[in-house]
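Reading through the structure tokens given below for one structure.
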Amino acid sequence: MSSIVLITKDNYLYDGIKQFLPLRHWQELISAKEHARECAVLIDSRVPLRFLENAYLWLSATFDKTKALVLQMENETCQASPTLRRHRAVDMRSSCEKVALDILTELETFSSDKWQRKIYVEINELERTLITSLLAGVCIGEIAEMLNCSQKQVYKLRDKMSHRLNAKHFYSVCQYVFRHDLLTRQYILPNTWLRG
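Those letters in the sequence shown? Residues 580 to 775, by this note's numbering.
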């Protein structure tokens, strides 16, 4: 990867990771107005979904190819699914050296994906409602009432959506949806950064 970018609101997290990796804050790239082919996007799991959407839409326009890795924070407040925490996420409770090594290992795996298959992506009405509700800041309990189901079923819908799109983390699904504007359209897409 030519660039490693962090999406976060936590300057301490950024400063800490930058000691071990050639990291850039996504807001630095806005003023630089540079274009590159590939970018690894590290995501603080605590950032609100709306904030993530805005940052990722900008990054996807700046880079030809992006791949995401979630930094799983200990006391997160995001909508990350507990059942997906062990996949495509780095546990930030480890030592700084181990965190940096884990990130580099994951990014190396990303870089080895030379050939990508095409997938037909369709976001159904329930999935669209789930994502737009989370974007609006609606809590899981209210989403369950809206969909006339239990909170557990809402989590299952999220997990099922992640599995169907070959994503290991729900934020990866959201980024894929944002990048290709799948809330309003659907079509065949190259699987460019969700691993098959």
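Just so it is clear, CB atoms sit at the ideal spot from N, CA and C, and this is done for glycine as well.
Extent of the continuous beta strand (DSSP E) run through residue i
i	result
T645	642-651
R625	Careful: R625 lies outside any beta strand (DSSP E) and carries neither H nor E.
V717	Note, V717: premise wrong, no beta strand (DSSP E); not H, not E.
L585	583-586
R672	Run containing R672: none; DSSP gives neither H nor E here.
L602	602-604
Continuous alpha helix (DSSP H) stretch holding residue i: start and end
i	result
L705	704-714
H742	730-743
L592	590-597
Cβ-based neighbour list, residue i, same chain, cut-off 7 Å, excluding 5 preceding and 5 following
i	result
L714	L628, R629, E632
G720	Q730
V752	M740, S741, L744, A746
K597	none
C728	none
Candidates the options: closest to residue i by CA position
i	options	result
V620	Y635, V626, E607	Y635
I583	L600, V717, T641	L600
W605	D738, D681, I586	I586
D589	R625, F757, L683	R625
V756	Y734, V717, R707	R707
T763	N703, S639, R603	N703
Y734	L709, R758, D643	L709
Sequence-distant residues of the same chain with beta carbon closer than 6 Å to residue i, five excluded per side
i	result
L648	L621, E685
K693	Caution is warranted here: a pLDDT of 42 is assigned to K693, below 50, making its placement in the model unreliable, and the coordinate value is therefore given only provisionally. Excluding sequence neighbours, K693 sits near nothing in its chain.
S712	I722
Nonlocal neighbours in the same chain, by C-beta distance under 8 Å from residue i, ignoring five residues either side
i	result
L705	L726, L736
A679	I596, F599, L600
Q732	A723, L726
R758	Y635, L636, S639, T645
Proximity test, residue i beta-carbon vs the ligand HEM heavy atom, cut-off 7 Å
i	result
G716	The ligand HEM is absent from the structure shown, which contains no ligand whatsoever.
Within-8 Å CB hit, residue i to chain B
i	result
L631	The question asks about chain B, but that chain is absent: this structure has only one protein chain.
Nearest-angstrom beta carbon gap, residue j and residue i [assumed within contact, 8 Å]
i	j	result
T645	L608	Going by Cβ atoms, the distance from T645 to L608 rounds to 12 Å, so no, they are not a contact pair.
D623	L650	6 Å
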